[in-house]
Structures are given as structure tokens and as C-alpha cells.
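K.L.:
Below: one structure in C-alpha cells.
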Amino acid sequence: IITRAPSAELRANQTDQDSLPPYEILDAIMQAYVEDDLSRANIMQMGFSEKDVNRVTNLIDRNEYKRRQAPVGVRITQRGFGKDRRYPITAKLKFDVT
């Protein structure tokens with residue numbers, strides 16, 4: 010059993026929660042934004058802080074291009090069949106919402 014906090018181990022004594030909200034919050038925001046296609050405002054109405062919502066959604070938007078770098082694979086989600094998540098990856102749009 011691993012009892013230490015999750016970490017990318019990029020520097021000494023780093024933990025994921027130094028820069029991200031707790032996983033319970035992170036997962037719920039990601040589910041609402043990516044899978045349920047809710048807006049930032051709607052996610053905040055669910056009770057999440059503006060700071061957490063903006064941080065997580067900005068990270069998702071800024072890293073969308075990484076989804077296109079990997080080979081196409083099977084998607085096992087409701088969004089994976091049909092519409093999927095379509096987001097521009099080359100428009101140099103700025104997404105920072107503070």
C-alpha cells in the first residue's frame with residue numbers, strides 16, 4: 010500500500026495538490042466540463058469555487074492539443090460515440106479566466 014501523497018515527482022517534496030485542487034474536486038469539475046459539457050458558470054453554481062473552476066478549465070483548454078498527439082484509440086465514454094469533444098487546437102486563443 011502506498012501511503013504518500015500523489016506526485017509527478019518533478020521536484021523534491023512536490024505533491025499534486027500543491028498546484029491542483031483535491032482529487033474529489035478535480036474529478037467532479039473535469040466530469041462536468043468535459044463529459045457533461047457544462048459552462049464554467051454552471052459548474053460554479055454546483056458549489057465549486059471560482060478559483061478551482063477557472064484553474065481546472067484553463068488547464069484543460071490549454072492542454073487540448075495533447076489529445077491530438079497520441080494515436081487514435083478506443084474511447085469508452087458516452088461522449089466518445091458520436092459528437093465527442095471538439096475544441097480548437099491551433100488558433101492561439103487565450104483562455105485565462107481570472
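Start counting the sequence shown at 10; every next residue gets the next number (the numbering used here).
By construction, the Cβ of each residue, glycine as well, lies at the ideal position given by its N, Cα and C atoms.
In this text the structure is predicted, and so the values were computed from the model without any measurement.
(1) Out of MET39, GLN40, VAL62, which has the shortest C-alpha to C-alpha gap to ALA50?
(2) In angstroms, rounded to a whole number, what distance separates the CA positions of ARG71 and ARG64?
(3) Starting from the C-beta of LEU47, find all residues in its chain whose C-beta is less than 6 Å away, skip the five residues before and the five after it, and write them out in chain order.
(4) Between which residues of its own chain and MET55 is the CB-CB distance below 7 Å, once the five residues before and five after are set aside?
(5) Please look up how many angstroms separate the CB atoms of ILE38 and ILE52, rounded, as I've assumed it's under 8 Å.
P.N.:
This is what the structure holds:
(1) As a position in the sequence shown, residue 50 is number 41, starting the count at 1. Distance from the Cα of ALA50 is smallest, within the candidate group MET39, GLN40, VAL62, for VAL62.
(2) As a working note, residue 71 is residue 62 in the sequence shown. As a working note, residue 64 is residue 55 in the sequence shown. Those two C-alpha atoms are separated by around 11 Å.
(3) The residue labelled residue 47 in the question sits at position 38 within the sequence shown. These residues qualify, in order along the chain: ALA41.
(4) The residue given as residue 55 occupies position 46 in the sequence shown. Closer than 7 Å at the Cβ level, and outside the excluded window around MET55, lie ALA41.
(5) The sequence position of residue 38 within the sequence shown is 29, counting from 1. The sequence position of residue 52 within the sequence shown is 43, counting from 1. With 8 Å as the limit, ILE38 and ILE52 qualify as a contact, their Cβ atoms being about 6 Å apart.
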